[in-house]
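Residue numbers (the working numbering): 100 to 356. Just so it is clear, CB atoms sit at the ideal spot from N, CA and C, and this is done for glycine as well. Below is one structure, written out as structure tokens; comments come after it.
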Ligand code: ZN
Ligand code: FE
């Protein structure tokens, strides 16, 4: 069995294009917003592209597809219900993606909220979650409702706790400042904040994180926690009716800081 190396290719100010490379040199990339850093990486590692996977239609995730397929005519997987130029393998919830060159298979999870068709790619031990979940945060609700995003995050929260979460942006430090405002007495958040600061000081990515760490420190996965509900109540001026309303109040607060 060939070993699989997974690493981020930085793009723009804070995007990560995740690359999966097997030892023979085949590489799949997730959310290539820009072709140039991917082509540089392929050249430097003497690799060849074998597949492109995208999670949603935003330009910082799909902008590199055209130039990449002009050079490597590979299959491009993406959500069926979003119009994305170049996607020729449209996917819906429950579909599987077989990447024969890498010897792996992903299950497609529909996780609407950030966009209405957003999907994530899951296989035991790893989830490529695009802009649905970030380190200590979650994506903005551009197209979906709080109830949709809450349900999508609940789906992710139900995966095995050791699942590595490959987010598409380096937002963890900023998100942790907000998480501390939501839960000032949460020691796990403070510890993560210190750990993240040292990672970033060394120039290292703060992701992937693990689901276990997110469950302890991500306010958007913690709507059921009494501390988070209390923070939502303080924002609303009354108790929230349910965890969805807690989530909505915290997300709305996050938009304002
Ligand atoms: Zn996005
Ligand atoms: Fe994005």
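- Residues whose Cβ lies closer than 6 Å to any heavy atom of the ligand FE, listed in chain order: 157, 159, 160, 230, 267 and 268.
- Taking the C-beta atoms as reference points, residue 273 is found no nearer than 7 Å to residue 226.
- Counting only runs that start and end inside the region 160 to 204, the beta strand (DSSP E) elements of at least 3 residues fall at 175 to 178, 188 to 190 and 195 to 198.
- Scanning the region 233 to 278 from its first residue to its last, the whole alpha helix (DSSP H) runs of 4-plus residues come out as 245 to 256.
- For residue 269, the closest alpha carbon among the candidates 290, 339 and 229 is that of 229.
- Between the beta-carbon of residue 140 and that of residue 201 there is about 16 Å, and that puts the pair past the 8 Å contact cut.
- Per the coordinates, the alpha-carbon of residue 209 lies some 31 Å from the alpha-carbon of residue 123.
- A contact is defined here as three or more CB-CB pairs under 8 Å, and the region 288 to 301 fails this definition with respect to the region 330 to 342.
- Distances from the alpha-carbon of residue 264 to those of 217, 239, 313 and 206 put 313 closest.
- Runs of the alpha helix (DSSP H) spanning 4 or more residues and lying entirely within the region 102 to 156 occur at 135 to 143, in chain order.
- According to the DSSP assignment, residue 227 belongs to the beta strand (DSSP E) that extends over 225 to 229.
- With fewer than 16 other CB atoms across the displayed protein chains lying within 10 angstroms of its CB, residue 102 is exposed.
- Taking residue 311 as reference, the option from 303, 340, 244 and 287 with the minimal CA-CA separation is 287.
- Under DSSP, residue 209 shares a beta bridge with 218.
- Under the criterion of beta carbons closer than 8 Å, residue 175 and residue 188 qualify as touching, at roughly 6 Å.
- The beta carbon of residue 114 sits closer than 7 Å to the beta carbons of 132, 159, 267 and 268 from its chain, once the five residues preceding and following it are set aside; these are given in chain order.
- In terms of CA proximity to residue 247, 212 leads the group 212, 233, 307 and 278.
- By the C-beta density criterion, residue 216 is buried, having at least 16 other C-beta atoms within 10 angstroms.
- Residue 224 and residue 231 have their alpha carbons spaced roughly 18 Å apart.
- In the DSSP assignment, the residues bridged to residue 308 are 264.
- Only residues of its own chain outside the window of five on either side were considered, and among them 107 have a CB closer than 6 Å to the CB of residue 304, listed in chain order.
- Taking residue 177 as the centre and dropping the five residues before and after it, the same chain places the C-beta of 153, 183 and 186 closer than 6 Å to its C-beta, in chain order.
- By the 16-neighbour rule on beta-carbons within 10 angstroms, residue 302 is exposed.
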